[in-house]
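Each residue of the sequence shown is one higher than the one before, counting from 6 in this note's numbering. Encoded as structure tokens, the structure appears first; notes follow it.
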Amino acid sequence: MVLAATSRYEIAVKNLQQKIDVLISSSPTTFIFKVPPNLRQANSKDYEPEIIYVGPYHHGKEHLKEMEKLKLNYLESLLRREHPNKSNCLEGYVAACATEKGRFEASYADGVVMSHDESLEMMVLDGCFVVELLRKFKNPELIEVSDILFYDNVNLDNVTRDLLLFENQLPFWFLSMIFGLTKLPHEGENDLGFMVIDFFRGITVLLQRTPTQQLLRQWSGSGRDQIVGSDLLGLLHGEVANLRGNRFDPCVRGSLIK
């Protein structure tokens, strides 16, 4: 009877085991999802970036194209500051992104639907923009007078909101890589953690505390390699939960900005 039962359920057992194996192998790298349709239908505007997008989910939307010029300006000023030979420096950024392109795209549950070259352009532009935005906020002397984000009619609060939207995320390990490639001489390995806290300090009084060394080790340096499934929203939600004394639940990370 035992043998008969084993034979009878063999296919079902095998299929379930294969699905479990696929889940185990894919879940650590895929962590940026789209909002479920039922939630989007009820509050569609709550999940749409108003000014700027990062990552593939809102790439190319017409009302967001104007800010692509700002991303290019940020990249150009970075290259000008980084190295007199802009072409060689830019090639280094693209090459680094190409090396991690598979891992980057695997972070998104819905994938990256664009050509190879277009994907690399997005990675360089979006990654450099976010890191430079954090860097300029921390170091105002780097802000140029032509920067519409700080000196013109673009609301920095709206950009902050956009960068905390569920679908509008970049992997934190990727931002750490870009930070390492573009690091200024006076910047230390933990400075990215300080920059993130400084930039988003206004969203909750809990983040107005001084960042702990434990937090900075977790977010930066050698500790960043341990953060496999994290983005800015997830990391900030986790830090707020830790400061409250609660256990971090990544499934409810969106509650951070409610």
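For every residue, glycine included, the Cβ atom is placed at its ideal position computed from N, Cα and C.
Who are the near neighbours of residue i in its chain, counting only those whose CB is closer than 7 Å to its CB and skipping five residues on each side?
i: residue 19; result: none
i: residue 231; result: At residue 231, the pLDDT of 48 sits below 50, so the modelled position is not reliable and the matter cannot be decided from this model.
i: residue 101; result: 182 and 186
i: residue 95; result: 84
i: residue 147; result: 140 and 141
i: residue 150; result: 156
Please state the DSSP three-state secondary structure of residue i.
i: residue 37; result: strand
i: residue 152; result: coil
i: residue 115; result: coil
i: residue 122; result: helix
i: residue 236; result: strand
i: residue 83; result: helix
i: residue 26; result: helix
i: residue 170; result: coil
i: residue 14; result: helix
i: residue 64; result: coil
i: residue 136; result: helix
i: residue 193; result: coil
i: residue 145; result: helix
i: residue 19; result: helix
i: residue 58; result: coil
i: residue 131; result: helix
i: residue 98; result: helix
i: residue 157; result: coil
i: residue 107; result: helix
i: residue 5; result: Residue 5 lies beyond the stretch modelled for the chain, which goes from 6 to 263, so this question has no answer here.
Beta-carbon within less than 6 Å of residue i's beta-carbon, same chain only, minus the 5 sequence neighbours each way: which residues are those?
i: residue 235; result: 177
What first and last residue would you give for the alpha helix (DSSP H) that runs through residue i?
i: residue 204; result: 196-204
i: residue 43; result: 42-47
i: residue 181; result: 177-187
i: residue 161; result: 161-167
Rounded to whole angstroms, how far is the Cβ of residue i from the Cβ of residue j, which I believe are closer than 8 Å?
i: residue 125; j: residue 174; result: The Cβ separation is near 19 Å, so there is no contact.
i: residue 98; j: residue 186; result: 6 Å
i: residue 27; j: residue 172; result: The pair is not a contact, with the Cβ atoms about 24 Å apart (cut-off 8 Å).
i: residue 128; j: residue 64; result: That pair is no contact at about 11 Å.
i: residue 137; j: residue 79; result: 5 Å
i: residue 115; j: residue 62; result: 7 Å
Does any C-beta atom of chain C lie closer than 8 Å to the C-beta of residue i?
i: residue 86; result: Going by chain labels, chain C is absent from the structure shown, which holds only one protein chain.
With a threshold of 8 Å on Cβ separation, who are the neighbours of residue i within its own chain once the five nearest residues in sequence on each side are excluded?
i: residue 77; result: 130
Would you check if the segment 165-182 and the segment 125-135 touch, i.e. whether three or more CB-CB distances between them fall below 8 Å? yes
Taking contact to mean at least 3 C-beta pairs separated by less than 8 Å, is the segment 111-126 in contact with the segment 79-87? no
Does the segment 52-60 come close enough to the segment 152-169 that 3 or more CB-CB pairs lie under 8 Å? yes
Does the segment 134-151 come close enough to the segment 191-208 that 3 or more CB-CB pairs lie under 8 Å? yes
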